[in-house]
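Peer 1:
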Amino acid sequence: MTRYFAVVPAAGSGTRMGKNMPKQYLPVVGKPVLQHVLESLVRIKCVERVVVALAPADPYWHKLEISGHPKIATTIGGRERADSVLNGLQALKAVAHEQDFVLVHDAARPCLRLEDALRLITTLAEDPVGGILALPSVDTLKEVEQSEIACTLDRRKIWRALTPQLFRYGLLLEALNAACQAGLQVTDESQAVERAGYKPKIIEGSPDNLKITRPEDLDLAEFYLQRR
Ligand code: C5P
């Protein structure tokens, strides 16, 4: 039977927030962002274990209420997001088989809806590769070079990649390893899998699954979470 695991890269410093604490630990509706993230992942019944990749000597982790949860384990993150995910995958080596699924979710997306995660999991249950939650672009998109518009992209073909991203364990490990060894800075798992020659599936997600990046995103996340 296929088993499910999760990896959360949480080793970033979040410099774009301009706060004195990494963004995954900033409070939203009275709880750190990462607490919200992990609460939503442990709630997914089929996910057996959640590996969180942390910055070396992270002083905040043990203060998280959920840090002692039996489903949760930690590992040390790396220089880039992909290195952190790779370390998380390595930490699952003793338990995960090639064909098992791994769900990778950003530590900075506290508004994941359980129904979206479950739709991703059930839609891809028999898929040999995997896929991602994404949103069709509502804006017209421009390709810009040196502050000048070079061209307009066909927005019917443009989707914004979100997380969770769900892939077969063996395939993702190999694809991320290859991308890192080639010195390529992939910014999501799908990019590494695409580069390996596969075509990941797109599952439409929710617009409120935002990634906390700038200070105003905290207010938005608070609004979305309080409305539920
Ligand atoms: O900076 P950005 O928003 O793209 O980061 C996405 C996710 O990757 C965050 O959860 C962040 O903590 C994580 N990350 C990491 N290791 C790094 C850089 C980012 O785990 N070296």
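FYI, the numbering for the sequence shown is 6 to 233, going by our numbering.
C-beta: ideal position from N, C-alpha, C; glycine also.
From a predicted model like this one, the values you see are computed outputs, not experimental measurements.
#1: Restricting to Cα atoms, I'd like to know which of LEU171, PRO27, ALA60, SER72 is closest to ASN92.
#2: Alpha carbon to alpha carbon, how far is LEU140 from ASP159? Give it in angstroms, no decimals.
#3: Over what stretch of residues does the beta strand (DSSP E) that includes GLN190 continue unbroken?
#4: CYS116 and TYR229: beta carbons closer than 7 Å?
#5: Just to confirm before moving on: does the CB-CB distance between ARG173 and GLN104 stay below 7 Å?
#6: Assign PRO205 to one of two classes, buried (16 or more other C-beta atoms within 10 Å of its C-beta) or exposed (fewer than that).
#7: For a test of the three-state rule: what should DSSP assign to GLN170, helix, strand or coil?
#8: Please indicate yes or no: does the CB of PRO37 lie closer than 6 Å to some heavy atom of the ligand C5P?
#9: Kindly give me the distance between the Cβ atoms of VAL52 and LEU43, rounded to whole angstroms, as I take these residues to be in contact under 8 Å.
#10: Measuring CB to CB, does PRO169 end up less than 7 Å from LEU108?
#11: Does the distance from the CB of ALA197 to the CB of ALA187 come in under 7 Å?
#12: Excluding the five sequence neighbours on either side, which residues of its own chain have a C-beta within less than 8 Å of the C-beta of GLY83, listed in chain order?
#13: Does DSSP put LEU97 in a helix, a strand or coil?
#14: When you compare the CB of HIS41 with every CB in chain C, is at least one pair closer than 7 Å?
#15: So does ALA180 have its beta carbon nearer than 6 Å to some heavy atom of the ligand C5P?
#16: Which residue comes first and which comes last in the beta strand (DSSP E) that contains VAL57?
#17: Ignoring anything shorter than 3 residues or poking outside the segment 115–182, list the beta strand (DSSP E) runs there in chain order.
#18: Within 10 angstroms of the Cβ of ILE217, are there 16 or more other Cβ atoms? Answer buried if so, exposed if not.
#19: Do you know offhand how far ASP111's Cα is from PRO14's?
#20: Shortest alpha-carbon distance to ASP144 belongs to which of SER18, ARG161, GLU150?
#21: Cutting at 7 Å between CB atoms, please list the residues of its own chain near LEU39, excluding the five before and the five after it.
#22: Taking just the CA atoms, how far does SER72 sit from GLU148?
#23: Who are the Cβ neighbours of ASP36 in its own chain at under 6 Å, not counting the five residues just before and after it?
Peer 2: Let me spell this out:
#1: To locate residue 92, count along the sequence shown from 1; it is residue 87. Closest by alpha carbon: ALA60.
#2: Position 154 of the sequence shown holds residue 159. Position 135 of the sequence shown holds residue 140. Computed Cα separation, rounded: 15 Å.
#3: Here the question's residue 190 lines up with position 185 in the sequence shown. Neither: GLN190 is in no beta strand (DSSP E) and is coded neither H nor E.
#4: Your numbering for residue 116 matches position 111 in the sequence shown. Your numbering for residue 229 matches position 224 in the sequence shown. CYS116 places its beta carbon less than 7 Å from that of TYR229.
#5: Taking the sequence shown and counting its residues from 1, one reaches residue 173 at position 168. Taking the sequence shown and counting its residues from 1, one reaches residue 104 at position 99. Yes, they are a contact pair.
#6: Along the sequence shown, read from residue 1 onward, the residue named residue 205 stands at position 200. Buried: at least 16 other Cβ atoms inside 10 Å.
#7: Here residue 170 corresponds to residue number 165 of the sequence shown, with the count starting at 1. The answer is strand: DSSP assigns GLN170 an E or B state.
#8: Your numbering for residue 37 matches position 32 in the sequence shown. Checking the Cβ of PRO37 against the ligand C5P gives no.
#9: Your numbering for residue 52 matches position 47 in the sequence shown. Your numbering for residue 43 matches position 38 in the sequence shown. Not confirmed; about 11 Å, so no contact.
#10: Numbered from 1 along the sequence shown, position 164 holds the residue referred to as residue 169. Numbered from 1 along the sequence shown, position 103 holds the residue referred to as residue 108. Yes, the pair counts as a contact, with Cβ atoms nearer than the cut-off.
#11: For this step, residue 197 is matched to residue 192 along the sequence shown. For this step, residue 187 is matched to residue 182 along the sequence shown. No, Cβ-Cβ distance for ALA197 and ALA187 is not below 7 Å.
#12: The residue given as residue 83 occupies position 78 in the sequence shown. Excluding the 5 residues flanking it on each side, GLY83 has same chain C-beta neighbours closer than 8 Å at ALA16, ALA58, SER89, LEU91, ASN92, in chain order.
#13: In the sequence shown, residue 97 corresponds to position 92, counting from 1. It is coil, neither helix nor strand.
#14: Annotation note: the requested chain C is absent from the structure, which comprises a single protein chain.
#15: On the sequence shown, residue 180 is found 175 positions in, with the first residue counted as 1. No - the ligand C5P has no heavy atom lying nearer than 6 Å to the Cβ of ALA180.
#16: Mapped onto the sequence shown, residue 57 falls at position 52. Start and end: 52–59.
#17: Counting only runs of 3 or more, we get 135–141, 147–150, 153–157, 164–173.
#18: Within the sequence shown, residue 217 is the residue found at index 212, counting from 1. ILE217 should be labelled buried.
#19: Taking the first residue of the sequence shown as 1, we reach residue 111 at position 106. Taking the first residue of the sequence shown as 1, we reach residue 14 at position 9. Approximately 6 Å, taken between the alpha carbons.
#20: Translated into the one-based positions of the sequence shown, residue 144 becomes position 139. The shortest Cα separation from ASP144 among SER18, ARG161, GLU150 belongs to ARG161.
#21: For the purposes of this step, residue 39 is identified with residue 34 of the sequence shown, where counting begins at 1. Closer than 7 Å at Cβ, skipping near neighbours: ALA15, GLN29, TYR30, LEU69, ALA112.
#22: Walking along the sequence shown from the start, residue 148 turns up at place 143. Walking along the sequence shown from the start, residue 72 turns up at place 67. Rounded to whole angstroms, GLU148 to SER72 spans 42 Å at the Cα level.
#23: For the purposes of this step, residue 36 is identified with residue 31 of the sequence shown, where counting begins at 1. According to the sequence as given, residue 36 is Lys; it is not Asp. Contacts found: none.
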